[in-house]
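For the sequence shown, my numbering begins at 135 and goes up steadily by one.
See structure below.
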Amino acid sequence: MTDNINSSPSTREHSRFKADSFADTFNSSRTWASILEPMGWKLRSGDGESPRSHWCGWGMTEGGVIRTKQLHLESSFTGLGKAGDFVSKFRAYSIIHHNGDDQAAATAIKERGW
135 MTDNINSSPS TREHSRFKAD SFADTFNSSR TWASILEPMG WKLRSGDGES PRSHWCGWGM
195 TEGGVIRTKQ LHLESSFTGL GKAGDFVSKF RAYSIIHHNG DDQAAATAIK ERGW
């Protein structure tokens, strides 16, 4: 398992949140590995951050492909949304650790000093 929670991807990532929001800061300062690997996801191809990087979760052959710095879900069985959805790093963290409650996720992240 890679512990890259503070690694910074080289390009700015934007989400559905207000520009320069806390979620955008989280998205740009975290790696997909730091979010997905603790949940058992495996990188199948690519570097994990750039477009066409392919992640698979929980013993699956499908999972998600990185597109425009968001995870594009190929399967509804990932636990992160339905097939075709795009998920940001912040949203994935929120779903995994706080049942999709973005406010609770933001509060927890701030309390941890991330």
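Backbone N, C-alpha and C define an ideal beta-carbon position, used for all residues, glycine too.
Can the beta-carbon of residue i be found closer than 7 Å to that of residue j?
| i | j | result |
| --- | --- | --- |
| GLU208 | GLY198 | yes |
| HIS232 | ALA239 | yes |
| LEU170 | TRP189 | yes |
| MET173 | ILE230 | yes |
Mind reading off the beta-carbon distance from residue i to residue j? Whole number of angstroms is fine, and I expect it under 8 Å.
| i | j | result |
| --- | --- | --- |
| PRO220 | GLN204 | It is worth fixing the name first, because residue 220 is Phe in this sequence and not Pro. Indeed they touch by this definition, with Cβ atoms about 4 Å apart. |
| SER187 | SER179 | 7 Å |
| ILE200 | TRP166 | 7 Å |
Return the bridge partner residues of residue i from the DSSP annotation.
| i | result |
| --- | --- |
| HIS188 | SER179 and VAL199 |
| GLN204 | ARG201 |
| THR220 | Residue identity check: residue 220 is Phe in the sequence provided, not Thr. Note: PHE220 sits in a beta bridge opposite HIS206. |
Counting C-beta neighbours from all protein chains within 10 Å, is the total for residue i 16 or more, i.e. buried, or is it exposed?
| i | result |
| --- | --- |
| GLY247 | exposed |
| SER210 | exposed |
| ASP181 | exposed |
| ASP158 | buried |
| GLY191 | buried |
| ALA226 | buried |
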